[in-house]
Amino acid sequence: MVDSACSFLHELSYPEIIDIGVTISRIGNSSLTYELAIFKFGQETASAQGHFVHVFVDRETRKSTPIPSEMRSALRHYLSHGIT
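Here this note's numbering is used: the first residue of the sequence shown is 2, the next is one more, and so on.
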(Lines of atoms letter the chains of each structure in order from A and count residues from 1; the text may use other names and numbers.)
(Lines give C-alpha, C1' and ligand atoms only; values in the text may rest on other atoms or scores of the structure.)
Protein backbone atom coordinates (compact mmCIF):
# COMPACT_ATOMS: atom_id res chain seq x y z
CA MET A 1 0.00 0.00 0.00
CA VAL A 2 1.42 3.40 -0.98
CA ASP A 3 -1.43 5.74 -0.06
CA SER A 4 -4.44 5.68 2.22
CA ALA A 5 -6.87 8.21 3.65
CA CYS A 6 -10.14 8.21 5.56
CA SER A 7 -12.53 11.06 6.35
CA PHE A 8 -14.74 10.48 9.36
CA LEU A 9 -18.05 12.24 8.78
CA HIS A 10 -20.45 10.89 11.44
CA GLU A 11 -19.99 9.03 14.70
CA LEU A 12 -19.91 5.24 14.79
CA SER A 13 -19.53 3.23 17.96
CA TYR A 14 -19.17 -0.39 18.97
CA PRO A 15 -21.24 -2.57 18.79
CA GLU A 16 -23.18 -0.86 15.98
CA ILE A 17 -23.78 -2.91 12.86
CA ILE A 18 -22.21 -1.33 9.79
CA ASP A 19 -22.21 -1.82 6.04
CA ILE A 20 -19.01 -1.27 4.06
CA GLY A 21 -18.99 -0.61 0.33
CA VAL A 22 -15.75 -1.10 -1.61
CA THR A 23 -15.05 -0.55 -5.29
CA ILE A 24 -12.05 -0.16 -7.56
CA SER A 25 -11.92 3.37 -8.95
CA ARG A 26 -8.73 3.03 -10.98
CA ILE A 27 -6.67 0.23 -12.49
CA GLY A 28 -3.17 1.45 -13.33
CA ASN A 29 -0.25 -0.41 -14.85
CA SER A 30 0.94 -1.72 -11.49
CA SER A 31 -1.56 -0.30 -8.99
CA LEU A 32 -5.20 -0.37 -7.96
CA THR A 33 -7.09 2.44 -6.24
CA TYR A 34 -9.90 1.30 -3.97
CA GLU A 35 -12.65 3.63 -2.72
CA LEU A 36 -14.68 2.70 0.32
CA ALA A 37 -17.52 4.01 2.43
CA ILE A 38 -18.78 2.92 5.84
CA PHE A 39 -22.46 3.26 6.70
CA LYS A 40 -24.50 2.75 9.84
CA PHE A 41 -26.75 -0.22 9.12
CA GLY A 42 -29.81 0.92 7.16
CA GLN A 43 -28.48 4.45 6.51
CA GLU A 44 -27.79 5.97 3.09
CA THR A 45 -25.36 8.65 4.29
CA ALA A 46 -21.76 7.51 4.77
CA SER A 47 -20.24 7.82 8.23
CA ALA A 48 -16.74 7.53 6.75
CA GLN A 49 -15.22 7.60 3.26
CA GLY A 50 -11.73 6.75 2.17
CA HIS A 51 -9.38 5.27 -0.35
CA PHE A 52 -6.20 3.26 -0.55
CA VAL A 53 -3.74 2.48 -3.33
CA HIS A 54 -2.29 -1.02 -3.61
CA VAL A 55 0.85 -1.51 -5.72
CA PHE A 56 1.83 -4.90 -7.11
CA VAL A 57 5.45 -5.70 -6.21
CA ASP A 58 7.82 -8.36 -7.51
CA ARG A 59 8.86 -10.41 -4.47
CA GLU A 60 12.45 -10.87 -5.63
CA THR A 61 13.28 -7.39 -6.94
CA ARG A 62 10.94 -5.56 -4.55
CA LYS A 63 10.05 -3.23 -7.44
CA SER A 64 6.59 -2.47 -8.78
CA THR A 65 5.44 -4.91 -11.43
CA PRO A 66 2.58 -4.82 -13.94
CA ILE A 67 -0.73 -6.36 -12.88
CA PRO A 68 -1.01 -9.77 -14.60
CA SER A 69 -3.44 -9.65 -17.55
CA GLU A 70 -5.71 -12.41 -16.15
CA MET A 71 -6.01 -10.57 -12.86
CA ARG A 72 -6.58 -7.24 -14.63
CA SER A 73 -9.45 -8.80 -16.60
CA ALA A 74 -11.05 -10.16 -13.43
CA LEU A 75 -10.63 -6.84 -11.58
CA ARG A 76 -12.37 -4.86 -14.35
CA HIS A 77 -15.64 -6.41 -13.13
CA TYR A 78 -15.28 -4.34 -9.93
CA LEU A 79 -14.25 -1.08 -11.63
CA SER A 80 -16.60 1.84 -10.98
CA HIS A 81 -16.82 5.07 -12.91
CA GLY A 82 -17.91 8.49 -11.70
CA ILE A 83 -17.13 8.04 -8.02
CA THR A 84 -17.12 11.31 -6.13
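Every residue gets a Cβ at the ideal spot worked out from N, C-alpha and C, and that includes glycine.
Checklist line | Contacting residues, own chain, Cβ-Cβ under 8 Å from Leu50 (five flanking each side not counted) | finding: The residue you call residue 50 lines up with position 49 of the sequence shown. Position check: residue 50 holds Gln in this sequence, whereas Leu was assumed. Cβ within range, chain order: Cys7, Ser8, Leu10, Glu36, Leu37, Ala38, Ile39.
Next item on the list: Check whether the Cβ atoms of Thr24 and Tyr79 lie closer than 8 Å to each other.
Entry: Along the sequence shown, read from residue 1 onward, the residue named residue 24 stands at position 23. Along the sequence shown, read from residue 1 onward, the residue named residue 79 stands at position 78. It is a contact, given that the beta carbons lie within the stated cut-off.
Next item on the list: Over the uninterrupted beta strand (DSSP E) stretch that includes Leu13, give me the two end residues.
Entry: Residue numbering aside, residue 13 sits at position 12 when the sequence shown is read from its first letter. Run containing Leu13: none; DSSP gives neither H nor E here.
Next item on the list: Check each candidate in Arg77, Thr62, Phe57, Glu61 and name the one with the smallest Cα separation from Ile68.
Entry: Looking up residue 68 in the sequence shown gives position 67. Here the closest residue by C-alpha is Phe57.
Next item on the list: Name, in chain order, the residues that DSSP records as bridge partners for Gly22.
Entry: By one-based count along the sequence shown, residue 22 stands at place 21. DSSP output for Gly22 lists Ala38 as bridge partner(s).
Check: His52 and Ser32: beta carbons closer than 8 Å?
Finding: Against the sequence shown, residue 52 aligns to sequence position 51. Against the sequence shown, residue 32 aligns to sequence position 31. The answer is no: Cβ separation not under 8 Å.
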